[in-house]
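Residue numbers (our numbering): 75 to 346.
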């Protein structure tokens with residue numbers, strides 16, 4: 075049997091491996107673990123089926139979660155496979171597991187393996203608050219429930235913001251909140267600064283793959299922060315997030331159920 079075909083992308087530091095081989099869902103978590111052991115820089119693994127013609131891409135993450143950075147990367151992979159040389163903006167639709175509607179990606183090739191992309195993010199199922207209790211401290215924090223992942227926002231006004239420097243406590247909290255919510259994945263988004271420019275430190279736990287990462291960037295977490303602010307202000311917002319791996323931007327109008335995420339992705343390695 076030939077080696078699996080694995081393409082590794084860098085979308086703002088959130089390094090993503092995409093596997094084109096047909097792997098049974100029950101075996102994907104173990105397969106992903108092997109890929110991440112082989113490529114230690116990889117933070118997440120997706121399994122992608124590219125269409126032969128104009129059909130939609132099918133994409134499933136190893137843990138069944140949603141990931142905007144992986145959507146960007148899968149769209150770029152399709153254009154690379156088709157040998158696209160034009161720098162005209164292209165539109166790609168992705169059937170993403172756990173998401174009820176196709177995800178739209180628009181992208182333009184800027185260099186040989188570099189694409190500037192925008193993703194129409196699935197609308198939030200709910201923007202609310204949840205009570206969080208850790209070590210005898212209890213607070214109410216903003217919660218954005220999305221399709222395939224939920225995010226809890228933590229700002230410097232919260233006593234829990236200190237967990238950004240206590241990784242063990244933060245990771246235990248993320249696991250506990252994910253279980254309490256019954257979410258496909260849970261992000262603790264440590265958010266500081268004033269709109270339109272913010273700093274975001276993302277922590278994401280995915281129970282389906284058993285992974286917990288302080289991610290270099292988080293597309294859905296960035297979108298969630300923009301959704302929460304739009305809901306709070308009752309108007310459209312555009313935010314720029316400085317994240318460990320670089321910069322992502324998000325534009326949200328919750329009243330219309332529309333949020334766009336803007337970033338780049340680059341093919342850095344192919345195997346198989």
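Virtual Cβ for every residue (Gly too), placed ideally from N, Cα, C.
All of these numbers come straight from a predicted model, not from anything done at the bench.
Close-in-space but distant-in-sequence residues of the same chain around residue 235 (CB under 7 angstroms, 5 per side omitted): The residues 228, 229 and 264, in chain order, have a CB closer than 7 angstroms to that of residue 235 in the same chain once the five nearest residues on each side in sequence are set aside.
Same chain only: Cβ atoms within 6 angstroms of residue 317, ignoring 5 sequence neighbours per side: Taken in chain order, the residues that qualify are 274 and 291.
Residue span of the beta strand (DSSP E) that contains residue 286, given as start and end: 285 to 288
When 162, 138, 178 and 173 are compared against residue 148, the one with the closest alpha-carbon: 178
Top-ranked residue by Cα proximity to residue 288, from 254, 323, 237 and 306: 237
Best match in 196, 319 and 271 for proximity to residue 312 [C-alpha to C-alpha]: That would be 271, whose Cα lies nearest to the Cα of residue 312.
Rounded C-alpha distance that separates residue 207 from residue 117: 28 angstroms
Cα-Cα separation, residue 215 to residue 196: 22 angstroms
Reference residue 119, options 127, 142 and 126, closest by Cα: Residue 119 has its Cα closest to that of 142, out of 127, 142 and 126.
First and last residue of the uninterrupted beta strand (DSSP E) at residue 323: 320 to 327
Residue from 186, 190 and 171 whose Cα sits closest to the Cα of residue 165: Ranking the options by Cα distance to residue 165, first place goes to 190.
Pairwise C-alpha distance: residue 302 and residue 200: Each residue's alpha carbon lies about 10 angstroms from the other.
Range of the contiguous alpha helix (DSSP H) that encloses residue 109: 99 to 112
Counterpart residues of residue 253 in DSSP-defined beta bridges: BP columns for residue 253 are empty, so no partner.
Per-residue DSSP class, three states only, for residue 292: Residue 292 falls in the coil class under three-state DSSP.
Where the alpha helix (DSSP H) containing residue 148 begins and where it ends: 142 to 155
From 258, 151, 221 and 85, residue whose alpha carbon lies closest to that of residue 115: Measuring from the Cα of residue 115, the nearest candidate turns out to be 85.
Those residues which DSSP pairs with residue 164 across a bridge: 181
Residue 171 vs residue 284 beta-carbon contact at 8 angstroms: no
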